[in-house]
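Worksheet for the structure shown next.
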Amino acid sequence: MANTKIPTFFNCVLMVSLLLAISMNEGRVVLDIATAEGKSTLTCDSLYGAQEGDNCFTITQPFNISPDLFFKITPNINCDKIFVGQWICVHGSLN
Numbered sequence: 011m012a013n014t015k016i017p018t019f020f021n022c023v024l025m026v027s028l029l030l031a032i033s034m035n036e037g038r039v040v041l042d043i044a045t046a047e048g049k050s051t052l053t054c055d056s057l058y059g060a061q062e063g064d065n066c067f068t069i070t071q072p073f074n075i076s077p078d079l080f081f082k083i084t085p086n087i088n089c090d091k092i093f094v095g096q097w098i099c100v101h102g103s104l105n
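Numbering-wise, the working numbering comes out as the position in the sequence shown, counting from 1, plus 10.
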């Protein structure tokens with residue numbers, strides 16, 4: 011019978027390394043945003059629940075926020091696929 015201890019050991023090391031990499035990735039800060047000055051962290055102070063017929067323009071108008079700021083504080087928004095009940099940041103900052 012062939013010696014299977016060495017391949018088994020390397021498989022265990024590989025599995026532990028993979029689990030360690032996944033756990034480190036899960037613990038990272040999700041909302042770090044790179045800017046010209048370095049990294050910034052997004053802070054959202056107020057949320058809005060999207061309603062039927064909302065789009066990016068109709069959301070920015072009542073809250074008097076510029077499109078530039080809106081897209082900075084909601085970096086992952088898809089203006090073509092806003093759904094009813096979607097939580098959208100309407101007042102925030104980058105620190």
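Cβ coordinates follow ideal geometry from the N, Cα and C atoms, glycine included.
Please report the residue range of the alpha helix (DSSP H) in which residue i lies.
i	result
ILE98	Looking at the DSSP string, ILE98 is not in any alpha helix (DSSP H); the run it does join, the beta strand (DSSP E), is 97-104.
LEU70	The sequence as given places Thr at residue 70; Leu does not occur at that position. Counting along the chain, the alpha helix (DSSP H) containing THR70 begins and ends at 66-73.
Going straight from the alpha carbon of residue i to that of residue j, what length do you get?
i	j	result
ASN105	GLU62	32 angstroms
TYR58	THR18	53 angstroms
THR45	ALA60	For THR45, the predicted model reports a pLDDT of 48, less than 50, meaning its position is unreliable; a value from the coordinates is still stated below. When rounded, the distance between both Cα atoms is 28 angstroms.
Can you tell me whether DSSP reads residue i as helix, strand or coil?
i	result
THR84	coil
THR14	coil
According to DSSP, what are the bridge partners of residue i?
i	result
LEU57	CYS99
LEU79	Partner(s): none; LEU79 has no beta bridge.
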